[in-house]
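Participant: For the sequence shown, the working numbering begins at 2 and goes up steadily by one.
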Amino acid sequence: MEATATYAAALTALAALVTALALTAVLSGDEEMRRRALDVLRAMCGGGWGS
């Protein structure tokens, strides 16, 4: 049970990090980075790549 909680906490932290990096890229001026970051965010939300 404790290992499951640790695993869930680690996944949550990883998702928060990826989201923060993606949002930083979206807010940057680079169009290619913005497009890729939006793809990552869509994939994390279940939208799949390029949807």
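We put the CB at the ideal spot given by N, CA and C, even for glycine.
What you are looking at is a predicted structure, and each value in this text was computed from that prediction instead of being measured.
Does DSSP classify Asp40 as helix, strand or coil?
Facilitator: helix
Participant: In chain order, what residues of the same chain lie with their CB nearer than 8 angstroms to the CB of Val19, ignoring the 5 residues before and after it?
Facilitator: Val41, Met45
Participant: Between the alpha carbons of Ala23 and Leu12, how many angstroms are there, rounded?
Facilitator: The straight-line gap from Cα to Cα measures roughly 16 angstroms.
Participant: Starting from the C-beta of Met2, find all residues in its chain whose C-beta is less than 6 angstroms away, skip the five residues before and the five after it, and write them out in chain order.
Facilitator: The answer is none, since no qualifying residue turns up.
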